[in-house]
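Top to bottom, those sequences are chains G and H. The numbers in this note's numbering rise by one with no breaks, and the one at position 51 of the first sequence is 37. Positions in the second sequence are counted from 1; adding 749 to them yields this note's numbering. Right, one structure below, let's go through it.
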Amino acid sequence: RKEVEQDPGPFNVPEGATVAFNCTYSNSASQSFFWYRQDCRKEPKLLMSVYSSGNEDGRFTAQLNRASQYISLLIRDSKLSDSATYLCVVKRTTGFQKLVFGTGTRLLVSP
Amino acid sequence: ETGVTQSPTHLIKTRGQQVTLRCSSQSGHNTVSWYQQALGQGPQFIFQYYREEENGRGNFPPRFSGLQFPNYSSELNVNALELDDSALYLCASSLETEAFFGQGTRLTVV
């Protein structure tokens, strides 16, 4: 079983739709949580950190449920430019800090 | 954009050869991590260097090795290349919290 699991998609949605991605992690020692965005053939870029209290950045809302070891990302009013792969990431510190990535969920927003 | 630069951007090597990939970290960042991203997968942690010492390693064989220099730039060396080593190799530099990725080196082994 992978340490971070995501549905690879693709999720095909029309512009303006609301879409939600989910992610589960298996290591309870995971300390920090993030969503990264990766465009085709580019490097991953930090989209947002994820907190238990939930956090929002414009059209993006992220939520963490530590008890269920579950992370979510909600995108409202989808834009064509949101088309990308969204990577769920956990950070563990066991002597050193390490990012553990899910396989990513691909989103395609169409006109 | 991130201040992390990798070279070369693309590379084609033959099976059995050796390769060196380079990474210049963002100014002041003393920690560099390397990741391998195969097609359709998320990045996989290879190893991390902190102040010129390897301080963490993922599940990669010894033919994957690295260095960090006094200016915190880093190299990833891969010996005896195999076809499955074909991937995007990403370098990330960090100081305390956020990791910043370079644009990656796309390695193709034929």
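Heads up, the beta-carbon is just placed ideally off N, CA and C, and yes, glycines get one too. Remember, predicted model here, so these are calculated numbers, not experimental data.
Burial is judged here by how many other beta carbons sit within 10 angstroms of a residue's own beta carbon; F19 (chain G) has at least 16 and is buried.
Cβ contact annotation for V75 (chain G) (same chain, cutoff 6 Å, sequence separation greater than five): F20, Y22, L85, F87, in chain order.
Short of 7 Å from the beta carbon of D68 (chain G), and not among the five residues preceding or following it, lie these beta carbons of its own chain, in chain order: I61, L93, V95. Nearest to V781 (chain H) by C-alpha distance, out of H:T758, H:V768, H:E803, is H:E803. The beta carbon of L50 (chain G) sits closer than 7 Å to those of F19, V36, Y37, S38, I57, all from its chain and outside the five residues before and after it, given in chain order.
DSSP, reduced to helix, strand and coil, places D43 (chain G) within a strand of the structure shown. A Cβ of chain H is located within less than 7 Å of the beta carbon of G88 (chain G). If you compare the alpha carbons of G:G44, G:V(-1), G:A70, G:Y11 with that of G789 (chain H), the shortest gap goes to G:A70. Counting only runs of 3+ residues, the beta strand (DSSP E) found wholly inside the segment 812 to 842 of chain H occupies 813 to 817, 823 to 827, in chain order. With a threshold of 16 other beta carbon atoms within 10 Å, D834 (chain H) meets it and is buried. Residue-level contact by beta carbon holds for G853 (chain H) and chain G, with a gap shorter than 7 Å.
Beta-bridge partners assigned by DSSP to L60 (chain G): G:A6, G:T47.
For chain G, the residues of the segment 806 to 832 of chain H that bring a beta carbon within less than 8 Å of one of its beta carbons are G807, in chain order. With the criterion set as a beta carbon lying under 9 Å from some beta carbon of chain G, the members of the segment 783 to 794 of chain H are Y784, Q786, G789, Q790, G791, P792, Q793, F794, in sequence order.
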